[in-house]
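> Before I ask anything, let me first share the structure, which is written out below as structure tokens.
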Amino acid sequence: MSESSSFNISASSISNWDYEADVVVAGYGIAGVSAAIETAPAGAEVLVLERSGG
Numbered sequence: 038m039s040e041s042s043s044f045n046i047s048a049s050s051i052s053n054w055d056y057e058a059d060v061v062v063a064g065y066g067i068a069g070v071s072a073a074i075e076t077a078p079a080g081a082e083v084l085v086l087e088r089s090g091g
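To convert, take the position in the sequence shown, counting from 1, and add 37; that gives the numbering used here.
Put into structure tokens, the structure is as follows:
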């Protein structure tokens, strides 16, 4: 299983938007969670973007 990382950062503190991923999930509601859960085990690099903190 691949390693995953999770971190919260403020959008205003990002100077460059240069992340790359196979799947980008915008919003971490039930659909976003499902997409991330289903694609990660298949080997896809998943980037989740969420506006609210939690």
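Note that the Cβ used here is the ideal one computed from N, Cα and C, for glycine as well. If you're wondering where the values come from, they're calculated on a predicted model, not measured in any experiment.
#1: Ignore the nearest five residues each way along the sequence and tell me which others in tyrosine 56's own chain have a CB closer than 7 Å to its CB.
#2: Between which two residues does the alpha helix (DSSP H) harbouring alanine 68 extend?
#3: Would a C-beta distance cut-off of 8 Å place alanine 73 and valine 62 closer than the cut-off?
#4: In three-state terms, what does DSSP make of alanine 63?
#5: Are the CB atoms of alanine 58 and glutamate 75 within a distance shorter than 8 Å?
Result, derived from the coordinates:
#1: Correct list, in chain order: Leu84.
#2: Unbroken alpha helix (DSSP H) run through alanine 68: 67-76.
#3: Taking 8 Å as the Cβ cut-off, alanine 73 and valine 62 qualify as a contacting pair.
#4: Shown here, alanine 63 sits in a strand according to DSSP, grouped into three states.
#5: Contact flag unset, no.
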